[in-house]
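Input: a single structure, listed below in structure tokens.
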Amino acid sequence: MTLLSVDLREGTKTVHAEAERSKFVKYFFKGELTPAVYGRFLISLYHVYSTLEKALEKNKENPNIQLIYFPTELSRTKALEQDLEFFNGPDWRELLAPISPAQQAYIDAIERCSSTKPELLIAHSYVRYLGDLSGGQILAKKLQKYNELPEGKGVAFYQFDTIEDKDGFKEMFRKRINQVEVDEATHNEIVQESCQAFIRNIDVFQEFDHELVGLPLSKKEQEALDAAQAEEAAKKTSSLLSSLAPSNLINNLAVAVGLKSSA
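Residue numbering for the sequence shown follows numbering that gives the first Met the number 0, beginning at 0 and increasing consecutively.
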């Protein structure tokens, strides 16, 4: 079998790129994500990480989970609590409910892995933590730059204080992934689960799309909008032509002069 870390990288390329093209990420990179929206986005992250980290703790005796379990270095729940209070105030826990559909689907996916095949948690750890140590560092700089945050405030989620060499840690993490001992079917399931994890992230992003206005649509979004508008126009045209048909004109005239019931 190919190395698991290689299959994870290659197998998620397409859906990873799709996530990076999402409207939410575009707004983030252009500094057009308001603090209010970001504060609510942190709630989504809190649900995901608190669920994932409880699942990893529950399965920490699993030999394969032990290989990639670094609670001191990687756990994000406490850091998220700091950021949630910064952006949402001391009563931020009141905002944790109701859980949105995308949040719940993400939670359910992690809990399913935890209870049925813990090795699949490797996929979620790979997507989340390596992403935080890579692209997440760029997002932190954007967040600070565009919101003029006080020094060290609002970006605890992106700070890994116990990891001095992030690139070195990521390389070690990938090597640990390659030491995971599973059969070929489970190997492939881990790769598939990582793809699903990216899709879950996209679904979370899309829950904010109705609040994101101002950016031009992507080519794919514009094509979808044009198609929808064309379909709606065709329906209206068809309805108009139907109403102008001779039989319908007579019926409408009869209704108008009271010779025929409209029911």
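Where a beta carbon is used, it is the ideal one built from N, C-alpha and C, also for glycine.
Asked                                                                                                                                                 : Found
Quick check: the segment 181 to 194 against the segment 119 to 130, are there 3 or more CB pairs under 8 Å?                                           : yes
Glu52: buried (16+ other C-beta within 10 angstroms of its C-beta) or exposed?                                                                        : buried
I believe Glu180 touches Asn63 by the beta-carbon criterion, under 8 Å. Please report the beta-carbon distance rounded to the nearest angstrom.       : 7 Å
Taking Lys22 as the reference, give the member of Arg92, Ala232 and His209 with the closest Cα.                                                       : His209
Looking only at its own chain, which residues have a Cβ that is under 7 Å from the Cβ of Val14, when we skip the five neighbours before and after it? : Cys194, Phe197 and Ile198
How do the segment 35 to 55 and the segment 81 to 98 stand: do at least 3 beta-carbon pairs fall below 8 Å, yes or no?                                : yes
Would Val24 and Tyr105 be called neighbours here (beta carbons separated by less than 7 Å)?                                                           : no
Put Asn87 into one of helix, strand or coil per three-state DSSP.                                                                                     : helix
Less than 8 Å between the CB atoms is what I'm expecting for Phe156 and Leu44, so what's the real figure, rounded?                                    : 7 Å
Does the beta-carbon of Ser74 have 16 or more other beta-carbons within 10 angstroms, so that it is buried, or is it exposed?                         : buried
Beta-carbon within less than 7 Å of Arg173's beta-carbon, same chain only, minus the 5 sequence neighbours each way: which residues are those?        : Ser4
Using only alpha-carbon positions, find the residue among Gln81, Tyr26 and Ile42 that is nearest to Leu94.                                            : Ile42
How is Tyr68 classed by DSSP in three states: helix, strand or coil?                                                                                  : coil
Inspect the beta-carbon positions of Gly30 and Tyr145 and report whether they are closer than 7 Å.                                                    : yes
Buried or exposed: where does Arg127 fall if 16 or more other Cβ atoms within 10 Å of its Cβ makes it buried?                                         : buried
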